[in-house]
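Okay, structure first, notes after.
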Amino acid sequence: MKTISIKATLMGLIALLGLLLLIAQASLISRTYANSAGSSRVAAVNIVTNDLLKTAALWALERGVTNAALYDADAAKPETIHKIGMTRDASDLAFSQAMQDAKRASLAIPNEYRSQIDAALAQLSATRQRVDQNLALPRSSRSTAVVASWVPTMTSLVLASQRLRLNLGSQVLSGEAAIGKDFVVRHSVWMMTEYAGRERALIAADISSGTSISPEQFTQLAGFRSKVEEGFTILTNLNMSQDEHERFDGPMKAVKDDFFGNFEKVRQLLYREGKAGNAYSLTAQQWVTRSTEAIDTLLQLQQVTTEWTASSLASSRFWSAVAMFFNILFLLVTVVVLGGALWVVANPVNDLIAMMADLAKGDLSWKETRRYKGIFGKMQQNMENTVVLLNDTVRKIGESAGSINTAASEISLGGTDLSRRAEQQASSLEKTTASMEQISAVIRQTSEHAGGVTLLSRQTWETAEKTVATARKSVDAMRQIERASENISNIVGRIDEIAFQTNILAFNASIEGSRAGELGAGFSVIATEMRALAESCANASSEIGVLAADCVEHVNIGSGLVHQTEEALDRILAVAKQTAQTVQEISSSTREQSTGVEEINIAVSSLNATTHQTAALAEESSAAAESLLNQARRLNDLIAFFVLDKFGKIEVVKQAQ
218 MKTISIKATL MGLIALLGLL LLIAQASLIS RTYANSAGSS RVAAVNIVTN
268 DLLKTAALWA LERGVTNAAL YDADAAKPET IHKIGMTRDA SDLAFSQAMQ
318 DAKRASLAIP NEYRSQIDAA LAQLSATRQR VDQNLALPRS SRSTAVVASW
368 VPTMTSLVLA SQRLRLNLGS QVLSGEAAIG KDFVVRHSVW MMTEYAGRER
418 ALIAADISSG TSISPEQFTQ LAGFRSKVEE GFTILTNLNM SQDEHERFDG
468 PMKAVKDDFF GNFEKVRQLL YREGKAGNAY SLTAQQWVTR STEAIDTLLQ
518 LQQVTTEWTA SSLASSRFWS AVAMFFNILF LLVTVVVLGG ALWVVANPVN
568 DLIAMMADLA KGDLSWKETR RYKGIFGKMQ QNMENTVVLL NDTVRKIGES
618 AGSINTAASE ISLGGTDLSR RAEQQASSLE KTTASMEQIS AVIRQTSEHA
668 GGVTLLSRQT WETAEKTVAT ARKSVDAMRQ IERASENISN IVGRIDEIAF
718 QTNILAFNAS IEGSRAGELG AGFSVIATEM RALAESCANA SSEIGVLAAD
768 CVEHVNIGSG LVHQTEEALD RILAVAKQTA QTVQEISSST REQSTGVEEI
818 NIAVSSLNAT THQTAALAEE SSAAAESLLN QARRLNDLIA FFVLDKFGKI
868 EVVKQAQ
């Protein structure tokens, strides 16, 4: 079985403790790194979602400006075309920036959302070309399909971009609480700006075309307005901390004063003019400009939460970096401490191992080593005490071995002389014993032969008795077979009767079938089969009867032969019994002679055995003495293996301690 050394045990315990500390530190570092990486990912998503919100706002502005120009009676003016182009460039640049930021941060964009945006962008590109062609024409020459498709196309693209924004935002919602609030604020602001932008585009079209607001449009505008108010209600009821209130109160007040205050007055005025069919007090361009300014007020809420979230993420990353620094520092300190502990433990353990190695070599002399304190000092003292005891023990064993060697030599000489005399006496008795054994062997052999003949005659007698019994059982078996054959004949007779009755029933069925005509055709077939079955049974019964008769005849012959055998065996049994009795009388006489000779032989053998035992004991004593002498020599050889302390240094050290 493999043993574990003290050094290996101590080193293993220290290594295990160090490993546990290292695993704990590695876990903390990994968790801190994951938190830092999570904060970085949230920051990246924050940037991309801001880009997408900015893109959506620019697309919404392009939707409103372009829709106003499409419903204007005249061809679009150069400044209008220029403004539309600038809005397009800004929106395309913002979307491209969002995709680059997502790629740079390695954010996974699901294929579903990517395909939706790509399809919406392709549709927008085609629609823009058709819109540009129609803007160069007066309203009367424009395609109504192109004009009608503009707003849905832009709205579809805006919704696709915001679905992507929601997906990216949902990937980091499990982080800090501030991220969740940021998600809610962003979505609420987007909902307010999107539906305010839809209102901007619809009213701009009415102003450009000079048409009044229809009841259907008014219902649609009311739905837009309810969405704006719903988003503002969400922001108003959002649970915020004191610091968040300080950031949001100013922008929220600006929204109330401007969007729901000053802008609301302009909006209500246009609503009244549109419902009444009067001329609008603002041009389409003025309306777009004023509504865009109001929507920009809403976007300030998004800017506030973006800055606050960025600050929170920066703080989180900073403290994560600090935590990682201290965790790594502690990990390095742990490694250094463990190395020092292993070094401190290694020296005393190595000295202890050296002392044990000397013991294994039989060296019990004193060797100077470093002195230790504490548990290692106790181990050192115990080891030195062990060496002292071994010195005393080995020295005493050496002295005793010398005495044993002398006594063993004397015992060995006396045992050898006694063994020689016992062997001479045993030799004389062996000759007498051999002669008696020869006489006893002859008589014993004669007795054994007589006993063997007696046994053979008795076995012959018993065998004859068993043979007679077997013959009688054979006769009984023949009689049972004879009775069984008679029973078979009776059964065959009954089978013949059943076959005859079956044949009659088949004949009757055939007659009834003939009377029934076609309806009885089935009965005729069954009757034919029954007759055939009856004939088969009758034939089989006849064959069985013939076989049964033959069997009875053979059984009778066998029974007669068995009776003759039984009579012959009875005569043999009588002769065997008489022979066995005669042989038994001869065996008894021989056994009495053998018993007398055996008693004489036993007496001589007993005397011979006693003499041999005496000789054997003498030899064993001599052998034991020789063995004891050899063991004493071996003990001296073993003691010679040890190197004893000749100068008493160990005893002096022990007393000093």
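Its first residue numbered 218, the sequence shown is counted upward by one per residue in my numbering.
For each residue, glycine too, the CB sits at the ideal point set by N, CA and C.
Straight-line gap, residue i to residue j (C-alpha atoms, nearest Å)
| i | j | result |
| --- | --- | --- |
| GLU665 | ARG700 | 52 Å |
| ASP289 | GLY414 | 18 Å |
| ARG280 | VAL265 | 22 Å |
| ALA749 | GLU784 | 53 Å |
| TYR488 | ILE430 | 8 Å |
| GLN676 | SER753 | 57 Å |
| GLU770 | THR782 | 19 Å |
| ALA496 | ILE298 | 25 Å |
| VAL472 | SER366 | 32 Å |
| ASP349 | SER332 | 26 Å |
| ALA493 | SER358 | 28 Å |
| ALA422 | ALA325 | 39 Å |
| VAL364 | ALA315 | 29 Å |
| LEU287 | SER313 | 27 Å |
| ARG808 | THR684 | 32 Å |
| ILE705 | SER805 | 59 Å |
| ARG417 | ALA241 | 59 Å |
| ASP399 | LEU234 | 45 Å |
| PHE477 | ARG442 | 11 Å |
| GLU601 | GLY594 | 11 Å |
| LEU230 | VAL604 | 28 Å |
| VAL375 | HIS462 | 30 Å |
| SER844 | GLU640 | 21 Å |
| ASP475 | GLN346 | 37 Å |
| THR623 | SER839 | 15 Å |
| ASN384 | ASN263 | 12 Å |
| ASP460 | THR509 | 29 Å |
Residue i in three-state terms, based on DSSP
| i | result |
| --- | --- |
| ASP318 | helix |
| ASP291 | coil |
| LEU236 | helix |
| LEU230 | helix |
| ALA286 | helix |
Residue span of the alpha helix (DSSP H) that contains residue i, given as start and end
| i | result |
| --- | --- |
| GLU735 | Unbroken run through GLU735: none, as it is neither H nor E. |
| ASN384 | 361-387 |
| TYR488 | 480-493 |
| GLY467 | 459-471 |
| PHE476 | From DSSP, PHE476 is part of no alpha helix (DSSP H); its letter is neither H nor E. |
| LYS444 | 432-453 |
| ASP335 | 328-352 |
Cβ distance (whole Å) where residue i is taken to contact residue j below 8 Å
| i | j | result |
| --- | --- | --- |
| LEU270 | TRP407 | 6 Å |
| VAL186 | MET409 | As displayed, the chain neither begins before 218 nor continues past 874, which places residue 186 out of reach and without an answer. |
| ALA723 | ALA751 | 6 Å |
| SER741 | GLY734 | Going by Cβ atoms, the distance from SER741 to GLY734 rounds to 10 Å, so no, they are not a contact pair. |
| VAL521 | ALA285 | Going by Cβ atoms, the distance from VAL521 to ALA285 rounds to 30 Å, so no, they are not a contact pair. |
| LEU275 | THR304 | 6 Å |
| ILE614 | LEU852 | 7 Å |
| ALA322 | ALA261 | 3 Å |
| ALA765 | SER702 | 5 Å |
| ILE712 | SER758 | 4 Å |
| LEU306 | PRO355 | Note that residue 306 is Asp in the sequence shown here, rather than Leu. Wrong, their Cβ atoms sit about 26 Å apart, outside the cutoff. |
Interface flag, residue i vs chain D, CB-CB below 8 Å
| i | result |
| --- | --- |
| ALA493 | In summary, chain D is missing from the structure at hand, where a single protein chain is found. |
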